[in-house]
Structure formats: structure tokens, C-alpha cells
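Numbering (the numbering used here), first residue to last: 13 to 194.
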């Protein structure tokens with residue numbers, strides 16, 4: 013019996029290692045930019061990336077200001093922010109891609125990458141968010157999106173590092189420490 017249990021434990025551990033090593037990276041995804049152009053995450057190889065689902069009519073929308081400040085401060089240090097507008101929570105992103113882009117630039121001066129509006133949960137979840145939120149896909153953690161402005165950190169090898177709840181500010185000490193770490 014002891015051998016069977018040890019064998020099962022060994023198989024589980026081995027399958028976990030295989031799952032982690034076979035998981036895709038963010039570099040395997042191509043999405044549409046907010047202006048409709050293909051954007052390959054492979055173009056971000058070697059950079060630290062924050063992916064965040066955004067909304068224009070949310071109580072957390074002022075985080076756009078902190079996101080832009082963070083991007084401006086670290087963009088020349090191999091750091092990129094990618095925003096994905098989503099209307100999954102409280103219908104807080106009802107606008108078209110054009111309206112969203114106008115809102116972000118006019119009100120917050122957003123210059124970081126913005127992608128087209130997608131779904132970040134449910135049956136119509138975008139493939140990149142399926143990867144971000146599913147341990148079976150990313151090999152790291154299950155991290156379902158709980159509201160607008162949830163943040164996902166991706167390392168220079170395209171692997172998920174950690175996710176942060178929506179109320180965690182983009183310029184929190186832990187996020188800044190991760191960006192500045194060598």
C-alpha cells in the first residue's frame with residue numbers, strides 16, 4: 013500500500029512538472045490592438061509585462077492615471093503595460109473601441125498599449141485571458157478575474173508570475189519592486 017501511495021505521489025509530482033514545462037507563454041498569443049491591427053505578444057520578448065483589464069465607467073477607472081505614470085517611468089527599462097477593455101463587470105465598459113481610445117487618451121493621456129475590447133470571463137473569454145486565469149494553461153495559478161483592473165505580471169520569458177486584485181494600485185510597493193528587480 014505504501015508503494016502504491018508513493019507511486020501515485022510521484023506520478024502526481026511528475027505530471028505537475030510536465031504541465032508546468034509544457035504550458036504556453038504569453039508569446040504564443042496574437043490579439044487585435046484597439047485600432048484593429050494584429051499585435052503579437054512575441055514582440056515583447058525580454059520585457060516585463062503587466063496585463064490589466066480596464067473599464068471607463070468604474071470606480072477604479074482613476075487607476076488609468078497610475079498605470080500611465082508607471083508606464084512612463086519604466087517604459088525605457090523593459091517594462092510594458094497592455095490594457096484590455098472589458099465589459100464583464102457592471103456594464104462599466106459599454107463603449108466601442110474608438111470611444112474607449114478617445115476616453116483614455118483625452119482623460120488620462122494613455123500611451124501604453126491598448127487592445128480591442130474583449131471578454132475576460134465566461135463562455136466567451138478571450139484565449140489570452142483563458143491562459144492568464146487557468147493554472148492548467150499557464151502552469152502557475154488559477155486567477156479568475158474578479159473585477160475591472162485586475163493585474164497580471166508576466167516575466168521576461170513570457171511566463172505568468174502573479175496576479176493582483178483590482179484594488180491593488182498599479183504603483184504598489186510589491187509591483188514596483190518586481191519591475192525594478194533585475
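Every residue, glycine too, gets a C-beta built ideally from N, C-alpha and C.
Quantities reported herein were computed from a predicted structural model and do not represent experimental measurements.
Item, Value
"Distance check for residue 77 and residue 122, CA to CA, integer angstroms please.", "8 Å"
"Grab the span of the beta strand (DSSP E) containing residue 166 for me, first residue to last.", "163 to 166"
"Would you decide whether residue 170 is buried or exposed? Buried here means 16 or more other CB atoms lie within 10 Å of its CB.", "buried"
"Taking just the CA atoms, how far does residue 167 sit from residue 106?", "31 Å"
"Roughly how many angstroms separate the alpha carbons of residue 87 and residue 61, rounded to a whole number?", "10 Å"
"Please return the same chain residues whose Cβ sits closer than 8 Å to the Cβ of residue 48, not counting the five positions on each side in sequence.", "109, 128"
"Quick one: Cα of residue 153 to Cα of residue 142, how far?", "12 Å"
"Between which two residues does the alpha helix (DSSP H) containing residue 188 stretch?", "185 to 192"
"Would you call the stretch 52 to 59 and the stretch 68 to 75 in contact, with 3 or more CB pairs under 8 Å?", "no"
"Count the other C-beta atoms from every protein chain shown that fall within 10 angstroms of the C-beta of residue 103, then say buried if there are 16 or more, exposed otherwise.", "exposed"
"Residue 65 and residue 157: beta carbons closer than 8 Å?", "yes"
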